[in-house]
Amino acid sequence: MREREDEWTDLMRSAISGDDAAYHRLLKAITPVLRAATRRGLARAGQPVDQSEDIVQDILLAVHLKRQTWDTNAPFAPWLFAIARNKLIDALRRRGRRIFVNIDDFAETLPGETPEPTASPSEVTAQLQALPARQRDVLQSIAVDSASIKDTAAKFSMSEGAVRVALHRGLASLTAKLRDR
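First residue of the sequence shown: 166, per our numbering; consecutive thereafter.
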């Protein structure tokens, strides 16, 4: 472990001095370690580990952008892991406190939505009869007989727009009456 940290420190010193090959070797060496640490951190926080790659990329970007702030007389690993810890914390804060549970495991045991009470067919028929004749005929044709707007317009010698208006008004009136009951 200590040997690896010394190697990273030497590589970072060389990278800061302008050695691109050393910088490439450093990034290649630290990426798997960061990936494993990030996955552990996510798992410990109860988060899905499949998001670890985004966090690793954030860490590597921060290392690249802030590399001039590293003290060349200090070991590299503590500086790196401080960045990694902060980036992991930032990612967890952005996500908020969520617990992920696969709903498929519980689909049969979860209660469904409580259906709203519906009116009985006789109630609907009574309210339908109370509508003006044109609205009632249009509603009957479209909602009950499943006719199209075009067919209903032809049947009652109306324009399609007039059928839509009568349908809308009839439905609104019927809904209001059934809601008031």
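Don't be surprised by glycine CBs; every beta carbon is placed ideally from N, CA and C.
Distance CB(residue i)-CB(residue j) smaller than 8 Å
| i | j | result |
| --- | --- | --- |
| Leu343 | Leu304 | no |
| Ser217 | Thr196 | no |
| Ala247 | Glu170 | no |
| Val221 | Arg190 | no |
| Ala331 | Glu325 | no |
| Asp223 | Lys193 | no |
| Arg334 | Gln300 | yes |
Where residue i falls: helix, strand or coil (DSSP)
| i | result |
| --- | --- |
| Phe419 | Here the chain comprises residues numbered 166 to 346, so residue 419 is not present and cannot be evaluated. |
| Thr237 | coil |
| Ala295 | coil |
| Gln222 | helix |
| Ser313 | coil |
| Ala201 | helix |
| Gln212 | coil |
| Ala284 | coil |
| Gly261 | coil |
| Asp184 | coil |
Cut-off 8 Å between Cβ atoms - residues of its own chain near residue i, not counting five sequence neighbours on either side
| i | result |
| --- | --- |
| Ala295 | Lys342 |
| Asp348 | Absent from the model: residue 348. The displayed extent of the chain is 166 to 346, so no value can be given. |
| Gln233 | Ile181 |
| Asp219 | Ala256 |
Presumed contact (8 Å Cβ cut-off) between residue i and residue j, rounded CB distance
| i | j | result |
| --- | --- | --- |
| Ser306 | Lys315 | In fact, because the Cβ distance is near 11 Å, the residues do not count as touching under 8 Å. |
| Leu207 | Val214 | 5 Å |
Sequence-distant residues of its chain with Cβ nearer than 7 Å to residue i (five each side left out)
| i | result |
| --- | --- |
| Ile292 | Per the sequence presented here, residue 292 reads as Gln, with Ile not at that position. So the qualifying residues of the chain are Leu339, Lys342 and Leu343. |
| Asp302 | Phe321 |
Own chain, CB closer than 6 Å to residue i, minus 5 neighbours either side, in chain order
| i | result |
| --- | --- |
| Arg250 | none |
| Thr174 | Pro240 and Phe241 |
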